[in-house]
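This report refers to the structure that appears directly beneath it.
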């Protein structure tokens, strides 16, 4: 995660406003600001502070001091202020002064702060555990400084987006707006999908942060609901968020669900200052460069989004620049996009809400491998396969972080008895969807617990199988994460499982096919279920499960697609 985030976050902050050094007046003003704040200033060859920055220290409620790099614009203050809180090291992540220049040139004081226990900050690091309260204390400390006029915003991508959301939950009085780039609904949803632990992404990210292996293993078994994590969940705490938030995300990003679902929740159920004041922008990008043979040449990304300054100008400077008169939702409608042959139907679209009032259309799975809008009529129809945890299906593309991501071709998986494919006939006309995609899968297993994995795939005329979305469900969590919800399967009993594939906007073009792939493993994206009821682990005993998918009149398995009508 660090390799990508260092470059991307600095570029986001730079806003493509160019390269330059700080003027002497601005530097003098920064130095004076640090002195008036009674800040400790560190530096020197062995512990350098980023170029152009003055290091200041904010004291938290428990006495712990957090280090921040302060950048002030030229001119006479006080100024509106913008904060970024990072666990990646402020002097490493923002050592290029361009990371602050976009804010300075736009008239903002900018603070990049090391989170607790990271960089130059005191305290013990626990990923995001203290960031709600520390975010509150930092915002309120900032508002009291001589360089600040009391209007504070918070911004950042990925981990910095998470710290921004957590500060918003705390609802500091001087926090007026946020610009959140690729962040999840909750810390649990960042590490699990349907109860399956994101083994490579979450495990490798934790290792990069210095987390011990026994702690990672414990975290991998911690999906059941707890009060500790509920306190850090945006969806559960929407009523306490009272600010406008601009959510910028990507369809292939690991936090796709966060930007979309946080927008939806706050736009309709947030407090007075949040409700109706949210914005959502979703582009065709991932948490890093996309792999595979597709490209989206005008899809934007995390780098240099010009809307951020407009957003803060409106909410922190009271400049009526028209941004709140524009539609609240801007999304990229993906379409056929093979490199060198990108369809003109790839385009940006705007909507008044999300989802944009689609018509829900069920595409049913058939015994013959077909995917059709006609409901099954057979009295009995099913397919059974053996799922061996020791021979998992390989992960190829999708919403990944630490390995290849994006719309990669699924054909290298090959023909496997435990990998079922269902396809529509060649489409005679375009089918455009925009909104949440889910699968109602009627299934059973011969043991207490197993997994089911589903992919939505765009099949090109030459056979290229571009993954669009995928999801997972660990069956013990089919009814939820609460203590009373978790239960093992009844062996052999057909059970309706709803699998959330998240949201997208894509046009399956004429000549393509829509496909659904069903299996029970996707490694190393997810940890592999041992099928015994035990949690996965390096020494856990496994068993081969016999898993059955039902496709008859009483058990109609189907993917639910949010179909919309779009003009040419």
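Residue numbers (our numbering): 109 to 676.
No residue lacks a Cβ here, since even glycine has one placed at the ideal position from N, Cα and C.
For a quick check, are the C-beta atoms of residue i and residue j less than 8 Å apart?
i: residue 187; j: residue 255; result: yes
i: residue 310; j: residue 299; result: yes
i: residue 579; j: residue 605; result: no
i: residue 615; j: residue 457; result: no
i: residue 526; j: residue 665; result: no
i: residue 176; j: residue 221; result: yes
i: residue 535; j: residue 618; result: yes
i: residue 355; j: residue 326; result: no
i: residue 331; j: residue 366; result: no
i: residue 163; j: residue 157; result: yes
i: residue 517; j: residue 400; result: yes
So what does DSSP say about residue i, is it helix, strand or coil?
i: residue 301; result: strand
i: residue 433; result: helix
i: residue 669; result: strand
i: residue 246; result: helix
i: residue 537; result: coil
i: residue 363; result: coil
i: residue 383; result: coil
i: residue 295; result: helix
i: residue 400; result: coil
i: residue 585; result: helix
i: residue 230; result: coil
i: residue 333; result: coil
i: residue 483; result: coil
i: residue 525; result: coil
i: residue 348; result: helix
i: residue 439; result: strand
i: residue 501; result: coil
i: residue 251; result: helix
Return the first residue and the last residue of the alpha helix (DSSP H) that residue i is part of.
i: residue 423; result: 415-425
i: residue 272; result: 267-278
i: residue 237; result: No alpha helix (DSSP H) holds residue 237; DSSP gives it neither H nor E.
i: residue 620; result: No alpha helix (DSSP H) holds residue 620; DSSP gives it neither H nor E.
i: residue 324; result: 321-328
i: residue 313; result: 307-316
i: residue 200; result: 198-201
i: residue 209; result: 206-213
Just the C-alpha distance for residue i and residue j, rounded to the nearest angstrom, thanks.
i: residue 495; j: residue 242; result: 46 Å
i: residue 119; j: residue 207; result: Here residue 119 scores only 32 on pLDDT, less than 50, and its place in the model should not be relied on; the value that follows carries that caveat. Between residue 119 and residue 207, the C-alpha separation is close to 6 Å.
i: residue 278; j: residue 504; result: 39 Å
i: residue 338; j: residue 364; result: 20 Å
i: residue 407; j: residue 308; result: 27 Å
i: residue 348; j: residue 533; result: 48 Å
i: residue 568; j: residue 444; result: 8 Å
i: residue 370; j: residue 656; result: 35 Å
i: residue 539; j: residue 361; result: 23 Å
i: residue 550; j: residue 663; result: 6 Å
i: residue 613; j: residue 228; result: 42 Å
i: residue 358; j: residue 245; result: 31 Å
i: residue 548; j: residue 377; result: 27 Å
i: residue 453; j: residue 261; result: 36 Å
i: residue 423; j: residue 301; result: 35 Å
i: residue 352; j: residue 284; result: 7 Å
Where DSSP assigns a beta bridge to residue i, which residues make up the other side?
i: residue 220; result: 177, 192
i: residue 546; result: 608, 668
i: residue 663; result: 660
i: residue 187; result: 256
i: residue 552; result: 656
i: residue 478; result: 531
i: residue 517; result: 574
i: residue 446; result: 402, 449
i: residue 340; result: Per DSSP, none; premise fails for residue 340.
i: residue 374; result: Answer is none; residue 374 lacks a bridge partner.
i: residue 356; result: 289, 389
i: residue 506; result: 514
i: residue 613; result: 542
i: residue 264; result: 288
Over the uninterrupted beta strand (DSSP E) stretch that includes residue i, give me the two end residues.
i: residue 563; result: 559-567
i: residue 582; result: 573-582
i: residue 488; result: Residue 488 -> no beta strand (DSSP E), and no H or E assigned at all.
i: residue 387; result: 387-394
i: residue 529; result: 528-531
i: residue 595; result: Segment: none, residue 595 is in no beta strand (DSSP E) and carries neither H nor E.
i: residue 284; result: 283-289
i: residue 471; result: 467-473
i: residue 455; result: 455-459
i: residue 165; result: 162-167
I want to see whether chain C comes within less than 8 Å of residue i, judged by CB atoms only; does it?
i: residue 278; result: Of the protein chains in the structure, only one exists, and it is not chain C.
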